[in-house]
Amino acid sequence: MGIKGFIKTSLVDWDGNITSVLFLPNCNFRCPMCHNYGLILSPDKYPDVDYKEIEKYLFENSDFIDGVVITGGEPTLFKDLDGLCRRLKEIGMKIKMDTNGYNPDKLSHLIDRELIDYIAMDVKAPLEEEIYSRLAGVKVDIKRIEKSIDTIKNSGLDYEFRTTVVPTFLTGRDVIEISKFLSPARRFVIQQFNPENAMSEKLRKVKPYERDFLKELSLECKRYIKEVVVRA
């Protein structure tokens with residue numbers, strides 16, 4: 000099974016960079032707020048994208064494409080992730096990888112081999128098994144999440160931790176608790192929940208928290224993490 004999606008140009012997936020985005024199939028979580036759940040539940044319904052066409056586009060447009068974002072799904076489950084990263088590096092691409100942090104050993108492997116340049120890890124909830132498992136849609140071993148957080152913070156790479164603030168699951172106090180746990184950290188991103196096309200039909204009817212509320216939360220979180228960003 001190969002690459003399932005390709006966005007040629009994005010201005011919003013890596014702050015300060017013009018990127019292309021690759022979507023990989025499968026995930027070990029079943030997050031109710033996920034909007035890419037087709038790649039997780041029915042990846043075979045999506046035709047593979049020819050890597051040669053991706054490589055051709057990136058090579059021909061390397062004068063303005065700064066890098067590639069690898070997302071999914073969960074990229075660390077992709078069988079030939081190493082090979083994909085190496086091929087992208089060979090044509091001069093920087094690589095940002097999105098991850099849920101549930102495969103810390105693979106994360107360490109990629110970092111040690113200098114196959115990625117930037118890591119964006121989703122921190123679903125405060126680091127307590129019950130609430131984290133609710134947001135992940137599966138029973139979660141919190142130690143694996145904690146190991147990934149420590150690995151990223153000590154990697155020497157640029158990174159961000161990000162939390163999607165889902166009403167009915169997370170309160171403002173929960174988000175502040177997450178920032179406390181992550182501290183000290185380089186960057187914390189508070190993301191507004193988007194109900195459109197959420198995997199959970201119930202969540203599609205839930206109104207997101209207002210941007211002003213998230214901005215207020217960011218000010219509280221800045222007591223623990225210097226750079227806090229709201230994406231809404």
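Take 0 as the starting number for the sequence shown in numbering that gives the first Met the number 0 and just add one per residue.
From the three backbone atoms N, C-alpha and C, an ideal C-beta is built for every residue, glycine too.
A distance of 7 Å or more separates the beta carbons of Ile177 and Glu219. Residue range Asp157 to Val164 is occupied by the beta strand (DSSP E) that includes Thr163. Remark: C-beta atoms of Ile90 and Ile17 do not approach each other more closely than 7 Å. Scanning Asp173, Gly136, Glu159 and Asn102 for the CA closest to the CA of Tyr36 turns up Gly136.
Around the beta carbon of Thr167, a 10 Å sphere encloses fewer than 16 other beta carbons of the protein chains shown; the residue is thus reported as exposed. Secondary structure note for Gly4: it is in no alpha helix (DSSP H), and the uninterrupted beta strand (DSSP E) holding it is Gly4 to Ser9. A distance of 7 Å or more separates the beta carbons of Pro207 and Gln190.
DSSP places Thr150 within a helical segment (H, G or I) once states are collapsed to three. Taking Met96 as reference, the option from Leu216, Ser19 and Arg133 with the minimal CA-CA separation is Ser19.
In this chain, Phe212 is not harboured by any beta strand (DSSP E); it is covered by the alpha helix (DSSP H) spanning Arg210 to Cys220.
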